[in-house]
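These protein sequence lines are chains A and B, in that order.
All residue numbers for the first sequence refer to the numbering used here, where the first residue is 9 and numbers rise by one.
All residue numbers for the second sequence refer to the numbering used here, where the first residue is 9 and numbers rise by one.
The beta-carbon is built from N, C-alpha and C at its ideal position, and this holds for glycine as well.
There are 2 protein chains.
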Amino acid sequence: MKPSLAKGTRDFTAIEVSRRKYIIGILQNNFELFGFQPLETPSFENLSTLTGKYGEEGDRLIFKILNSGDFLDKISTEELAEKKYKSLTPKISEKALRYDLTVPFARFVAMNQNNLVFPYKRYQIQPVWRADRPQKGRYREFYQCDADVVGSNSLWQEVDLVQLYLTSFKELGIDVHLHINNRKILSGLAEYAGITEQLIDFTVALDKLDKIGKEGVVKEMLEKNIPQTSIDVLDFLFHPAGSALENLQMLRDKFQDIPVGLQGVDELSFVINQSIALGISEENLKFDITLARGLDYYTGAIFEVKAKNVAMGSIGGGGRYDNLTEVFGVKNIPGIGISFGLDRIYLVMEELGLFPKNAATQVHYLFANYGEFEAREALKIIGKLRQKGIVAELYPETKMKKFFAYSEKRGVENLVFLGETELQNQSITVKNQTTGEQKTMSIQEFLA
Amino acid sequence: MKPSLAKGTRDFTAIEVSRRKYIIGILQNNFELFGFQPLETPSFENLSTLTGKYGEEGDRLIFKILNSGDFLDKISTEELAEKKYKSLTPKISEKALRYDLTVPFARFVAMNQNNLVFPYKRYQIQPVWRADRPQKGRYREFYQCDADVVGSNSLWQEVDLVQLYLTSFKELGIDVHLHINNRKILSGLAEYAGITEQLIDFTVALDKLDKIGKEGVVKEMLEKNIPQTSIDVLDFLFHPAGSALENLQMLRDKFQDIPVGLQGVDELSFVINQSIALGISEENLKFDITLARGLDYYTGAIFEVKAKNVAMGSIGGGGRYDNLTEVFGVKNIPGIGISFGLDRIYLVMEELGLFPKNAATQVHYLFANYGEFEAREALKIIGKLRQKGIVAELYPETKMKKFFAYSEKRGVENLVFLGETELQNQSITVKNQTTGEQKTMSIQEFLA
């Protein structure tokens, strides 16, 4: 049997694991500095916890786990004969793999609402699974890195998360634009154009402006029966100009009789003004009036992060929502969350050469093996090196040719020779593989 | 809908995540110091990769993933009507959750044999899933932490892994006994007693000596048709006495005409003698002639670790095997591996109070919120604290009563007050929550 990976999955070898850990380490450190606490939820949840939370398409893409034992036991022959897989699924599968981190988080908050201290700030870095068709850069198992604050409506959370985003990406070395919008501004625009009923169609089309251009967006809007007159009223959206603050003023004028729009402008102004006052460059913050990601979920601020120098699409996103846990019967838990796209961040950093050279641990000292007595003496020294945090190992076999081949292939930094002669003199010979320099010194000197 | 966890799974909150990370961090650091490289494999594999590798019981306990889409499409109505879940399973499920780390590792080695540098030393710390009946301390999702070296028969690997075990547990603060045996010695004993054909029955029974005592073991052996005369010949097994080296000498005498037994004695003597020469206390190493875990898999050294001061059973185990990848058609890749039981190590450390006090990150400074202007000035200082690696946050709301309640519940270390008066004087008031001491100082002084 020739083994293979399951479709859409990956093995991560040393260099990849180390680089991913490098990114995760920076995110984790920043999450904690900002007062977020870690949470880990199980890989699978009751199917009923996940079903119906991600739309019809999402339900389809959830990986379901087959019940153990005789899963057909309680199914009637008649029902089986109907071959209706949709209605059969919940009867033979009561568990499913985590599809995102938000619904398990909501489940956790709903279950523990009486023990949590609000505002509750949690971060979570775990894999999720989706039965998507695999393609370049899209996998069936991938990590999400989320930070959410729930239990507070304060706009200072928005301000703090803007800082968290920019601080983290700065530490990763990635120059970013943080695109920011507000769902209430989009609602205001729809009201302004008299298409309140078509808010979703309008924003879904508008969100594509940078991909399909004005012509494409207008075409899609017309197809969705948005009247030409409304599109004309909103024509200014297709010609973005001016600074964030100028555009907010322009909207304020238009929204004089549209309270929801004005509130959106006020909220966004607060976040942008405070961020600038805190030293964030206006150049990094982009008021992007077309930004609408996940509109049916977000109710206030909407964020999206893009790398400046690489065409990669979004490497982060998030926003404010009104009620995290309503679907689990717990009301009045508003919140705001942001997410970091680990896989894309990895690709950006690879492209820009941002990983530290020694992300993967190298073997610093590889000892040749001259036989039982010498090997044991080598292991004594190796033990002392490891105590100092130095990676060292003994080559297990006594064949020098294989020793050299192994050291070459593994990229060992230094070769160490501790043979009979050396041991007689209590000396040790070290060859630096980069410089080619070879030195004999006393063991004491070497260990110091 | 009242949400709940899937049976046999757990949420890990801040303190648990931090403590688990503490353990994992120490293991990972030691794995790397010993020259092991990280590997991560996908959470699910092709079902065919896992089936048949863990015995019948294991096959039953593998979590299978239901195929996406219309999984009944290609199943005939006749076949469904038969309701044979066992033969139906591979037709509606082609993927399954990782059951251990060894088979995915073998799959990886078999797939990448031409690119790997042998001996290949990998460590892997990932969750596995088993459809076991949940009970106290047994979960359906749990972590395994494995280190394996493959591609070398050298007994120096055994010696190095003994060091790795003892160094790691020492750093964790756990006093352990490392039980050690050799499969070849067990084979030798069976030959010595004339029950070579009953090797498995013999060792499975013997392995239970510390649980069910001599009487129980003899009873089980008799039930398995091991003759009383053979049991009498092996009577010395039930009365362990003498040091490891003395017992090895005793076996050497008995095994004079039993080559496999002699080889086992030689191998074990080498490992024990070298370990002692390297400074390991004989007291920590226990030659345990009854130790047989996973006998059908191990071919040489067998390890098991137990905590000295806590009744917890095995907190680690491993051994040498002849061929990791044979089942995937790749021959001649022998190896040796050890495993650390994260959940049990956690329980031992909890019981012995071995976790550092601040395993979970605390909020060092929580700033009160006196309104927009003051809050912004607070955030400026908070930003500077975070740059220094200090966890700081602004309480988002201006209600002082809620601020105090929150700080109390979260166990914040210091409260910070930066009101109008303080700002006028460029001063700041800090209250230490442990000592109750309150101090006003200049902002500059505070930041220094």
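Nearest to residue i (by Cα), restricted to the options the options
i         : options                                       : result
B:Ser-101 : B:Gly-221, B:Thr-59 and B:Val-279             : B:Thr-59
B:Ala-139 : B:Val-424, B:Asp-154, B:Asp-209 and B:Phe-71  : B:Phe-71
A:Pro-267 : A:Gly-202, A:Thr-211, A:Ile-193 and A:Gln-165 : A:Ile-193
B:Gly-345 : B:Asp-215, B:Val-424, B:Pro-127 and B:Gly-16  : B:Pro-127
A:Gln-45  : B:Gln-432, B:Tyr-62, B:Glu-453 and B:Arg-418  : B:Arg-418
B:Lys-262 : B:Ala-198, B:Ala-118, B:Ser-289 and B:Gln-206 : B:Ala-198
B:Val-158 : B:Gln-271, B:Glu-48, B:Lys-129 and B:Glu-40   : B:Lys-129
A:Asn-190 : A:Arg-18, A:Phe-20, A:Lys-388 and A:Ala-300   : A:Ala-300
B:Tyr-414 : B:Val-371, B:Ile-31, B:Phe-454 and B:Asn-37   : B:Val-371
B:Ile-288 : A:Ile-341, A:Asn-317, A:Thr-237 and A:Gly-391 : A:Gly-391
B:Gly-342 : B:Val-318, B:Thr-307, B:Phe-363 and B:Gly-321 : In the sequence on display, residue 342 of chain B carries Pro and not Gly. Nearest of B:Val-318, B:Thr-307, B:Phe-363 and B:Gly-321 to B:Pro-342, Cα basis: B:Thr-307.
A:Gly-379 : B:Asp-351, B:Trp-164 and B:Met-357            : B:Trp-164
B:Gly-337 : B:Val-167, B:Phe-116, B:Phe-150 and B:Gly-16  : B:Phe-116
B:Ile-188 : B:Gly-327, B:Pro-142 and B:Thr-437            : B:Gly-327
B:Gly-221 : B:Asp-243, B:Gln-395 and B:Val-125            : B:Asp-243
B:Ser-162 : B:Ile-83, B:Phe-278 and B:Arg-148             : B:Phe-278
A:Phe-113 : B:Asp-351, B:Gly-66, B:Leu-13 and B:Arg-28    : B:Leu-13
A:Arg-27  : A:Asn-366, A:Ser-450, A:Lys-103 and A:Asn-54  : A:Asn-366
B:Ile-484 : B:Phe-454, B:Glu-428 and B:Gln-171            : For residue 484 of chain B there is no data in the structure shown, the boundaries of chain B being 9 and 456.
B:Glu-40  : A:Leu-47, A:Ser-76, A:Ile-23 and A:Ser-195    : A:Ile-23
Span of the alpha helix (DSSP H), counted from its first residue to its last, around residue i
i         : result
B:Gln-432 : 428-432
B:Gly-391 : 380-395
A:Ser-317 : The question names Ser, but residue 317 of chain A in the sequence shown is Asn. First-last for A:Asn-317: undefined, no H or E at that position.
B:Asn-281 : 267-285
B:Leu-124 : Counting along the chain, B:Leu-124 falls outside any alpha helix (DSSP H), and DSSP gives it neither H nor E.
B:Tyr-354 : 350-360
A:Tyr-414 : 408-418
A:Gln-257 : 252-262
A:Thr-85  : 85-90
B:Ser-195 : 191-200
A:Val-111 : 110-119
Cβ neighbour criterion (16 or more within 10 Å) applied to residue i
i         : result
A:Phe-381 : exposed
A:Tyr-403 : buried
A:Leu-230 : exposed
B:Gly-250 : exposed
B:Tyr-305 : exposed
B:Gly-325 : buried
B:Asn-123 : exposed
B:Asn-292 : buried
B:Ser-51  : buried
A:Gly-224 : exposed
Beta strand (DSSP E) segment containing residue i, residue limits
i         : result
A:Tyr-373 : 373-375
A:Leu-80  : Looking at the DSSP string, A:Leu-80 is not in any beta strand (DSSP E), and its letter there is neither H nor E.
A:Asp-154 : 149-158
A:Val-399 : Segment: none, A:Val-399 is in no beta strand (DSSP E) and carries neither H nor E.
A:Ser-322 : 322-329
A:Gln-446 : 446-450
B:Phe-244 : From DSSP, B:Phe-244 is part of no beta strand (DSSP E); its letter is neither H nor E.
CB-CB length for residue i against residue j, believed under 8 Å
i         : j         : result
B:Leu-214 : B:Leu-245 : 7 Å
A:Ala-376 : A:Phe-411 : 5 Å
B:Leu-256 : B:Val-241 : Not really, about 19 Å apart at Cβ, beyond 8 Å.
B:Gly-202 : B:Ser-238 : 6 Å
A:Asp-218 : A:Ile-234 : Their Cβ separation, rounded to whole angstroms, is 19 Å, which puts A:Asp-218 and A:Ile-234 out of contact at 8 Å.
B:Ala-89  : A:Thr-85  : 5 Å
B:Phe-425 : B:Thr-437 : 4 Å
A:Leu-360 : A:Asn-317 : 7 Å
A:Thr-21  : A:Tyr-147 : Not a contact, Cβ separation roughly 16 Å.
Counterpart residues of residue i in DSSP-defined beta bridges
i         : result
B:Glu-48  : A:Phe-20
B:Glu-53  : B:Ala-104
B:Ile-73  : A:Ile-73 and B:Lys-103
B:Trp-164 : Its beta-bridge partners do not exist; DSSP assigns none.
A:Pro-135 : A:Tyr-151
A:Arg-146 : A:Gln-143
B:Ala-309 : B:Asn-190
A:Phe-295 : A:Ile-188
A:Val-438 : A:Val-424 and A:Lys-447
A:Ile-346 : A:Ala-155 and A:Gly-326
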